Each structure stands twice: as C-alpha cells, then as structure tokens.
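Laid out in structure tokens, this is it:
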C-alpha cells in the first residue's frame, strides 16, 4: 500500500495507570506490544481508545500511484499507545516498546444528510509499527488481516525504507502529526535529513 | 459553520481512574464539563487524549453551501470524553455530563513527501457539544476562540435544530461514527426519525 505508513513505540500500555495516580498490584502495567511464540504481534484490541495522532485522506507518496476512481476514497487514522504518547510529549522521542496503529477506512460522500466531502465507514486495513530492540533496525511493521496476530513485514520493505529515509522524528512521520511537533521542536529531535529536505523545499 | 456538528455527554472525566483500577482520594473523578460562574464552558485542555470518534473531510449538509476553492480543505475531528464513551459502549446512549469536542483543521496536499490527498495541519476552530440537564433541550453547543471559556450557542441555533432533527442517536451523529454503531444497534437506540429516513433513502 503506497499511502501513509506509521511510526511507533511503547514501554507499557499504562493506559490508565500513568494518568490515574495509584496503581493496584492487580493492575500491573501492560505492554502495548505483545508477541506470540512465533514472533507475530498480537492485535491490540483496544487501539481505538489510544491517543489519536491524525487522519489523512487519499494520501500518497508516489507520483506514479494508481489514480483512484472518483468516489473511491480512503482515510488513514493513526493511533499511538498512551504511555508512548506521554513519553513523547516530554522527550520528543519514542520509548522502546511504542506501538502505532494505522487504520484505513473507506470514505463515502452519500449518507444521511451529508452532501459533499467524505465521512468514514468500514475498515479497509490495519497495520502496526513497533519500536523494539528485538528488531534489527529497532523498528518493525506488522500487517493484520482481521483481529488475529499480525505477521512482520520484512525489514527491507518499502515501509521500512521510506520511514528510515523520510520520517521527521525517530522513524515516524511527525511531519503529519500536528500535536507532536511542539515537543520535537522543544527537544530538537527533528532528524537532520528531514530538516535539510524542508530547507531545500520550495515553499 | 455548515459542516458536521457534534453530539455529547460525560458524567466524569475519569480518564484514568475508570481504566486504572484503584483511585486515590487525591485523584477524585473530574467532570469533563466544567462551567464558569457566568455559564461559559471551560476549554477542556486535554481533549486530544479523549476517545477519537471519527474524522471527515469537507463535509457539508447543505446543497447551497459555498463551493470551496480547490486546495481549500478542512477536516473535522470529533472526540468524546472517556467516561461517556465507555458508558455508550454499554448502553447505546450518553450519560448526563457527556462532552464532545469538534476540532476543525486545515487540510493540505503539499508537504514533505506527500503528493496527493490531504493531511491535517493547523486548527481552524473548535466547538463543544454537552449533554446536561441544566440546558432546556438537555444539550448545548459552545464555541471557543483560543483556549478560554466558550460561550453557549443559542438553543434555537441551526446546530441544535439540525442535531435534534437528524442525529441518529440521542442528538448525536452516530451515523458518522462507525465504532459506536454496534452499541446503538444492540441497545436499539437509533432514533425512529433516523431509521425512517434511512428506510426511505435511495441506496
């Protein structure tokens, strides 16, 4: 898929505990990235309650990308686990274990009282991007079909190469996540390659 | 604004505590809707960590809406406080105190490696929709400029009338929030008017 891919990391899915204050022993922190014995990534069933980073529509990174037929639209929603998000807002980078979920949904124009533009309907696909020392590059993508465990996309994939080359911060497309940019700016974590490309871009 | 408006309700902004287990006395539940002495709504500074419901692009409900110039795009992101979301998933309706936030962001095509479609950039506007018995209709809209308290939009406004007439569930546009529809279906909370309109619509 030649649309927006993700970037990710989560030491723990402390969803509640970080924000909540007291933690009972029974509610021990849970990692967002949970692997099966054969190295697949468990589908994170609660990702829709993670922190929303942004949504794009019909984004493509290639001039040669197949032209979409009229009325064939797709949104990309990106979520990150809460612990990773909280860490990023403080440090401008992602802790080991961070998990991002990319959810692609069909966009439709005609429905209820809507007359133009698009709203989101059914899920077209889901992928995860995980920061973890267990991977050679420190990051890996996983593709899901349904809600079963997802298989790792090879480290040499287009996803990996594009993120390594073009991501604004720590292998993730912070250039498309407006609420993360202040933390990257404050912590000076924008990549040198990204800053150079922006400087050279015709504005 | 003739684009998507919100629908809302939150007994408490138990953001952490509901999910977190033990709650210390110092971390007492906090309502998502907090009013000033003169009846304005405090800007909910943490709304970007609430539950994301959906995002649309360039949605309009009126055939007569001003045609947008090419490259003039806007996304509508809708968030609801976590306690309200959790209640809706169980009951198919909103508890008193629920708060929805509508965030409108500019969509841009040209940036970094993107070639088509749109990604989100700066904030164009923000509104809240609150379910609270203190309002005549049980619901009210608030407009914010910046992060100060928001003023109530009159109960007779287009926002109120359109939500009362067309919203699929309890004054909110659940027809545009795909992750809420199963709970509405299971709890049979779709409004009679909405079901009748859908039945009559040419598919």
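Chains as they are written, first to last, in my numbering: chain P, 249 to 451; chain C, 249 to 451. Glycine included, each C-beta is placed from N, C-alpha and C at the ideal position. Model, not experiment: these values are computed from the prediction.
Within chain P, partners of residue i - CB distance below 9 Å
i                     : result
residue 325 (chain C) : 300, 302, 303
Straight-line gap, residue i to residue j (C-alpha atoms, nearest Å)
i                     : j                     : result
residue 314 (chain C) : residue 403 (chain P) : Residue confidence is low: residue 314 (chain C) scores 48 on pLDDT, short of 50, so the model does not pin down where it sits. Its coordinate-derived value is still stated next. So the two alpha carbons sit approximately 48 Å from each other.
residue 427 (chain C) : residue 337 (chain C) : 9 Å
residue 435 (chain C) : residue 339 (chain C) : 6 Å
residue 307 (chain P) : residue 325 (chain C) : 17 Å
residue 375 (chain P) : residue 382 (chain C) : 44 Å
residue 302 (chain P) : residue 359 (chain C) : 15 Å
residue 300 (chain P) : residue 297 (chain C) : 7 Å
residue 288 (chain C) : residue 355 (chain C) : 30 Å
residue 411 (chain C) : residue 419 (chain C) : 5 Å
residue 389 (chain P) : residue 304 (chain P) : 19 Å
residue 421 (chain C) : residue 443 (chain C) : 13 Å
residue 351 (chain P) : residue 446 (chain P) : 27 Å
residue 327 (chain C) : residue 394 (chain P) : 25 Å
Any chain C beta carbon closer than 7 Å to residue i
i                     : result
residue 365 (chain P) : yes
residue 455 (chain P) : Any property of residue 455 (chain P) remains undetermined from this structure, which presents chain P solely from 249 to 451.
residue 437 (chain P) : no
Contact set between residue i and chain C, taken where Cβ atoms lie within less than 7 Å
i                     : result
residue 361 (chain P) : 309, 414
Assigned secondary structure, residue i (DSSP; H/G/I helix, E/B strand, else coil)
i                     : result
residue 320 (chain C) : coil
residue 419 (chain P) : coil
residue 336 (chain C) : helix
residue 388 (chain C) : strand
residue 442 (chain P) : helix
residue 449 (chain C) : coil
residue 306 (chain P) : strand
residue 285 (chain C) : coil
residue 357 (chain C) : coil
residue 433 (chain C) : helix
residue 403 (chain C) : coil
residue 296 (chain P) : helix
residue 290 (chain C) : coil
Contact list for residue i against chain P, beta-carbon separation under 7 Å
i                     : result
residue 406 (chain C) : In chain order: nothing, as chain P lies at least about 12 Å away.
8 Å Cβ cut-off: residues of chain P touching residue i
i                     : result
residue 424 (chain C) : 359, 360, 362, 367, 368
Contact with chain P by residue i, beta-carbon distance below 7 Å
i                     : result
residue 296 (chain C) : yes
Proximal residues of chain C, C-beta to C-beta of residue i below 8 Å
i                     : result
residue 306 (chain P) : 364, 365, 366
residue 427 (chain P) : 296
Nearest residue (CA-CA) to residue i, options the options
i                     : options                    : result
residue 343 (chain C) : C:349, C:330, C:351, C:355 : C:330
residue 441 (chain P) : P:417, P:431, P:363        : P:417
residue 400 (chain C) : C:414, C:380, C:419, C:415 : C:380
residue 321 (chain C) : C:361, C:286, C:353, C:283 : C:353
residue 406 (chain P) : P:309, P:341, P:290        : P:309
residue 369 (chain C) : C:438, C:396, C:323, C:333 : C:323
Any non-hydrogen atom of the ligand COA closer than 6 Å to residue i Cβ
i                     : result
residue 378 (chain C) : Of ligands this structure carries none, so the ligand COA is not represented either.
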